[in-house]
Structure formats: C-alpha cells, structure tokens
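S.K.: Residue numbers (the UniProt record's numbering): 1 to 351.
#1: Would you kindly work out how many angstroms separate the C-alpha atoms of residue 120 and residue 96, rounded to a whole number?
#2: Classify residue 257: buried if its beta carbon has 16 or more other beta carbons within 10 angstroms, exposed otherwise.
#3: Is it true that the segment 328-338 meets the segment 245-256, where meeting means three or more beta-carbon pairs spaced less than 8 Å apart?
#4: Look at the alpha carbon of residue 100 and the alpha carbon of residue 47, and state the distance between them as a whole number of angstroms.
#5: So, for residue 178: in the same chain, excluding its five sequence neighbours on each side, which residues have a beta-carbon less than 8 Å away from its beta-carbon?
#6: Bridge partners of residue 97, per DSSP?
#7: I'd like the list of long-range same chain contacts for residue 108, defined as Cβ closer than 7 Å, with 5 residues on each side in sequence excluded.
#8: Take residue 340 as the anchor and find which of 284, 10, 213 and 14 has the nearest alpha-carbon.
#9: Do residue 220 and residue 246 come within 8 Å of each other at the CB atom, strictly closer than that value?
#10: Can you name, in chain order, every residue of its own chain whose Cβ lies under 7 Å from the Cβ of residue 231, other than the five neighbours on each side?
#11: Distance check for residue 98 and residue 25, CA to CA, integer angstroms please.
#12: On the DSSP letters alone, give me the boundaries of the beta strand (DSSP E) that residue 15 sits inside.
#13: Taking Cβ positions, are residue 69 and residue 22 nearer each other than 8 Å?
#14: Near residue 325, which residues of its chain fall below 6 Å by C-beta distance, leaving aside the five closest residues on each side in sequence?
#15: Pop quiz: residue 126 and residue 155 are said to be a contact at Cβ under 8 Å. What is the actual Cβ separation, rounded to whole angstroms?
#16: Measure the beta-carbon distance from residue 215 to residue 184 and round it to whole angstroms, keeping in mind my assumption that it falls under 8 Å.
#17: Under the DSSP definition of a beta bridge, which residues are partnered with residue 165?
#18: Consult DSSP for residue 76 and reduce its assignment to one of helix, strand or coil.
#19: With a floor of 4 residues, list each alpha helix (DSSP H) that falls wholly inside the segment 198-277, ordered by position along the chain.
#20: Would you decide whether residue 17 is buried or exposed? Buried here means 16 or more other CB atoms lie within 10 Å of its CB.
#21: Should residue 117 be labelled buried (16 or more other beta-carbon atoms within 10 Å of its own) or exposed?
#22: By the three-class DSSP mapping on this structure, what secondary structure does residue 310 have?
#23: Given a cut-off of 8 Å on the beta-carbon distance, is the pair residue 267 and residue 296 in contact?
#24: So is residue 347 buried or exposed if we call it buried at 16+ other beta carbons inside 10 Å?
#25: Please go through the same chain and pick out, in chain order, the residues whose beta-carbon is closer than 8 Å to the beta-carbon of residue 349, but skip the five residues on each side of it.
#26: May I ask you to list the residues that DSSP assigns as paired with residue 282?
#27: Put residue 156 into one of helix, strand or coil per three-state DSSP.
#28: Drop a sphere of 10 angstroms on the beta-carbon of residue 60, count the other beta-carbons inside from all chains shown, and report buried for 16 or more, exposed for fewer.
#29: Please report the straight-line C-alpha distance between residue 226 and residue 163, rounded to a whole angstrom.
This is the structure in structure tokens:
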C-alpha cells in the first residue's frame, strides 16, 4: 500500500490506526509515539467528527491541523466507526444515517462532498449504505448496492484524493458479485469489502469467517489484484489471519482498543507461529490478578511491560477507576496488535 500524499510505502498486510475523533483512545500524540505502528495512516470516522464540521470550516485548514494530527500521519475519512454498531433501518433515499453524540444525522452525496472539501483528507472511503445484516431482504440489499454505486460516482467527481471504494451486497451472492464487478470498473485506489458485519461489539462476538469465506473469495476474484482490499472492524488475531489467507490486505486496530475499554490485555505465546496461532486475553478486572506481580506479558517490549507495570497494579487502577489504567493498557494492546502484524508479514515473506 502506498500513501500517495507522501509516497510512503506500507507493507501489507497492514493495520491502520483506529482513532476516536482523530485521537488514539486514551493517548496523547507524545505517548502515541511509543507505539510501534510505523506511522500507519489514521482512521477518522464521520460518526464521531461530523459535529465538528462548522468549527473545522471556520478554522479553514482541514481536520488534520484542527486536530493537531502529526504531519507524518495521513488520515482516511470513513463513514462508519469500527467500534460503533450500525443501527439498522435508518438509511433511506435521503441519505446514510450516522449516530453522533448529538443524535442522528443524515449524509448524502451533496453534504459528503462538502465534508471532504472542509476536512481535506488525502484519502477517504466512498459514502456507502452498509445496512445489510445477515437477515436483510433482497430488496434492502439491492438498495444498498444501487445507492453505494451512485454515491461512488459522485465521490469520483472530486479530484486529488485517494478513493477507497466500498463493495456491498451483504450475504446475497448476485448482489455482491454485481457490486464487485461494477466497482472494479471505476478508477479507484482500493476496495473496502463492506456489509458482512454491522460493526461494534457484535463484530467481536459474532463475526465468523466461515460464514463469509466462499462469498468473500468469489468477491475478491472479481477485483484487480494490484489494488489493496480492505476490511474494517474489530477482528481478533485469529480472524485477521483467516482474512489475510483469503486475500484481505488492510485492517484497523480497533480490536486492541476494544479490549482496552473492557480492562483486558492481549497476549501471545513466546513462540509466534501463524500456522498455530496462540493468543489470549486477560481480564484484569478479575480478582485473580490482585496479587499477580508479573508484567502483562513476560517478553513484551511495550512501554507498560518494560517499565514493570504489573497485572496487580493495573487491576488496582481499573478497580479504582483511574485513567492511567486505560493509558497503560492501550499502550500494551496496540503494541501487541501491531507486533502481531509485523510477525505475520515476516513469516509470510519467509514462506
């Protein structure tokens, strides 16, 4: 994957950095520099930032400068937030619904292109209708595909942007094949395989690669191989590996942040092997860790583990509701998640 704005090249499979309103959860930019994420692009979702539109417009220099995002961190503007579930039944001919802290707002082609001009992202995901749960009707999926293609054509009228095009179709083969074929005809830079899950906690708990494996393979076969394929969502390492083997190139780090919000730590076995992946999550709110003075992971090189912030200490911080608990946990979880991607790339290059 190449960031056209700076000609920076990212090896795939790559993990984009999840943000809330342009900030990595619980971390200032100085602390964020401690994460081994290789300055991967940030994901900024409109569901968290559309309410800033007037302020960013008045500021006049785009969202990156408004949010004080470092210059070496390009961002991708998306509609959906990986950790915010889509509320079904809200999209219609008036536009796509996003749920902000101030309530529901509708985005259509007209105000989406206006947002692009105000936020000034180098990259964005085309406006898309992602409301296709597994039990969606054919009529609902048809509308999702038709609207998303129409939105894409409107997005392509914008110049000097890197466009990630959404491929929809839910779980309906005919509609997904049509969406893939039509999207592949457009002059886009990457493909976001969307509509296989509804984001949020449900993705963590219910998404099963086996449910989409065959349809995903057939979808990817219709897309050009020289352009990245993307799937956003809070996917655990096992699911990420399965999706990589099916042909997905780009993911996001929301799973690590999901664990942090629940007081959990991600750990891997000492010997990393993609053919026999072994990872676990520790629920540090549990009483088992009250007197556990080991680091979160014995061989982890993250800031939290290297400075010997123990499981017992983080358990104490969590139970006394100290903000530091989430800072230390997110530093660890993001380090481990990005180290996982680094190890995957290394082993894939060898094999």
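Cβ atoms here follow ideal geometry from the backbone N, Cα and C, with glycine treated the same way.
M.R.: Answer, in terms of the structure:
#1: Spanning the two alpha carbons is a distance of roughly 21 Å.
#2: Classification of residue 257: buried, given that the 10 Å Cβ count is 16 or more.
#3: Counting Cβ pairs under 8 Å, three or more are found: they touch.
#4: Distance between the alpha carbons of residue 100 and residue 47 is about 5 Å.
#5: Around residue 178, the same chain offers 145 and 169 as residues with beta carbons nearer than 8 Å, after the five sequence neighbours per side are excluded.
#6: Beta-bridge partners of residue 97 (DSSP): 106.
#7: So the qualifying residues of the chain are 94 and 95.
#8: 14 is the residue among 284, 10, 213 and 14 whose C-alpha sits nearest the C-alpha of residue 340.
#9: For the 8 Å CB-CB criterion, residue 246 and residue 220 form a contact.
#10: Excluding positions up to five away in sequence, the list reads 193, 243, 248 and 251.
#11: Taking the straight line from one Cα to the other gives about 20 Å.
#12: Unbroken beta strand (DSSP E) run through residue 15: 14-18.
#13: A Cβ-Cβ contact shorter than 8 Å links residue 69 with residue 22.
#14: Here the set comprises 314, 317 and 318.
#15: Residue 126 to residue 155, Cβ: 4 Å. Contact.
#16: Actually they are not in contact, since the Cβ atoms of residue 215 and residue 184 sit about 16 Å apart, beyond 8 Å.
#17: The partner list for residue 165 (beta bridge, DSSP) reads 191.
#18: The answer is strand: DSSP assigns residue 76 an E or B state.
#19: Annotation: the segment 198-277 contains the following complete segments of the alpha helix (DSSP H) (minimum length 4 residues), in chain order: 201-206, 209-221, 237-246 and 254-261.
#20: Counting of Cβ neighbours within 10 angstroms places residue 17 among the buried residues, the total reaching 16 or more.
#21: Flag for residue 117 reads exposed.
#22: Reduced to three states, the DSSP call for residue 310 is strand.
#23: Yes, Cβ-Cβ distance for residue 267 and residue 296 is below 8 Å.
#24: Burial is judged here by how many other beta carbons sit within 10 angstroms of a residue's own beta carbon; residue 347 has fewer than 16 and is exposed.
#25: None.
#26: BP columns for residue 282 point to 265.
#27: Coil at residue 156, not helix or strand.
#28: Label assigned to residue 60: exposed.
#29: Approximately 15 Å between the Cα atoms of the pair.
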